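Comments concern the structure below.
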Amino acid sequence: MKGVSDVLDKGGLHGHGELPLRADVNMTSLVDVAFVLLIIFMITAPVMQGGVDVQLPRADAQPIQPKEGLILSVNQAGNIFIDGSEWTYDEFRIALPPLVQARNPNGAYIRADERAQYGDVVRVLALLRAAGITDVGLVVEDEGN
330 MKGVSDVLDK GGLHGHGELP LRADVNMTSL VDVAFVLLII FMITAPVMQG
380 GVDVQLPRAD AQPIQPKEGL ILSVNQAGNI FIDGSEWTYD EFRIALPPLV
430 QARNPNGAYI RADERAQYGD VVRVLALLRA AGITDVGLVV EDEGN
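Here our numbering is used: the first residue of the sequence shown is 330, the next is one more, and so on.
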């Protein structure tokens with residue numbers, strides 16, 4: 330019979346058909362778990378993004394420095410205001426190219442009512458882009474107010 334000191338000296342019970350003990354991490358299982366988690370996140374991420382509740386136009390935004398540009402307002406009815414003058418969409422579409430040529434603005438700022446239709450704001454944005462104004466900012470109200 331072997332004593333405890335004999336087993337400790339030999340580093341294990343090699344003579345009885347047992348494998349030596351190893352204190353290594355099984356990387357295959359770790360990689361398998363990582364891949365399963367990655368697949369789960371890839372499947373659930375698009376589903377989670379679809380249910381995001383967004384309330385605009387309140388935001389915690391840094392104030393921007395005013396620069397030369399057009400300041401437009403879009404009200405709830407979809408009418409567009411420039412310098413206090415009210416325009417319908419069709420009037421604005423016709424008047425914008427000459428206005429851009431006359432003023433040559435560096436950019437534009439859109440102030441849209443939070444109850445305005447998203448489509449109305451996008452149509453104004455598209456007209457600005459078509460007129461050559463690519464630097465467009467959306468003005469929001471500070472959350473703190």
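In this text, a Cβ means the ideal position worked out from N, Cα and C, and glycines have one as well. These numbers were taken from a predicted model, which means no experiment stands behind them.
**OP:** Quickly, what does DSSP pair Glu415 with across the bridge? List them, please.
**Re:** BP columns for Glu415 point to Phe410.
Original post:
Residues in its own chain within less than 7 Å of Ala445 by CB, not counting five upstream and five downstream?
Top reply: Taking C-beta separations shorter than 7 Å and ignoring five residues to either side along the sequence, the partners of Ala445 in its chain run Val403, Asn404, Gln405 and Gly407, following chain order.
**OP:** Check whether the Cβ atoms of Ala437 and Ile409 sit closer than 9 Å, and answer yes or no.
**Re:** Going by C-beta atoms, Ala437 is not nearer than 9 Å to Ile409.
**OP:** Give me the Cα-Cα distance between Asp353 and Phe364, rounded to the nearest whole angstrom.
**Re:** For the pair Asp353 and Phe364, the Cα-to-Cα distance works out to about 20 Å.
Original post:
According to the neighbour-count rule (16 or more other Cβ atoms, all chains shown, within 10 Å of its Cβ), is Pro513 buried or exposed?
Top reply: Within the shown structure, residues of the chain are numbered from 330 to 474, placing residue 513 beyond reach of any answer.
Original post:
Under the three-state reduction of DSSP, which class applies to Val354: helix, strand or coil?
Top reply: DSSP places Val354 in coil when its eight states are reduced to three.
Original post:
Rounded to whole angstroms, how far is the Cβ of Arg432 from the Cβ of Leu456, which I believe are closer than 8 Å?
Top reply: Arg432 to Leu456, Cβ: 15 Å. No contact.
Original post:
So Val429 packs on Ala441, CB below 8 Å; how close in whole Å?
Top reply: So it is not a contact: roughly 20 Å between Cβ atoms.
Original post:
Going along the chain, which residues of its own chain have a beta-carbon closer than 6 Å to the beta-carbon of Glu415, five neighbours each way excluded?
Top reply: The beta carbon of Glu415 sits closer than 6 Å to those of Asn408, all from its chain and outside the five residues before and after it, given in chain order.
**OP:** Between the Cα of Asp464 and those of Arg452, Gly448 and Ile439, spot the shortest distance and give me the residue it belongs to.
**Re:** Measuring from the Cα of Asp464, the nearest candidate turns out to be Ile439.
Original post:
Would you call the CB atoms of Ala374 and Pro426 closer than 9 Å?
Top reply: Going by beta carbons, Ala374 and Pro426 fall outside the 9 Å limit.
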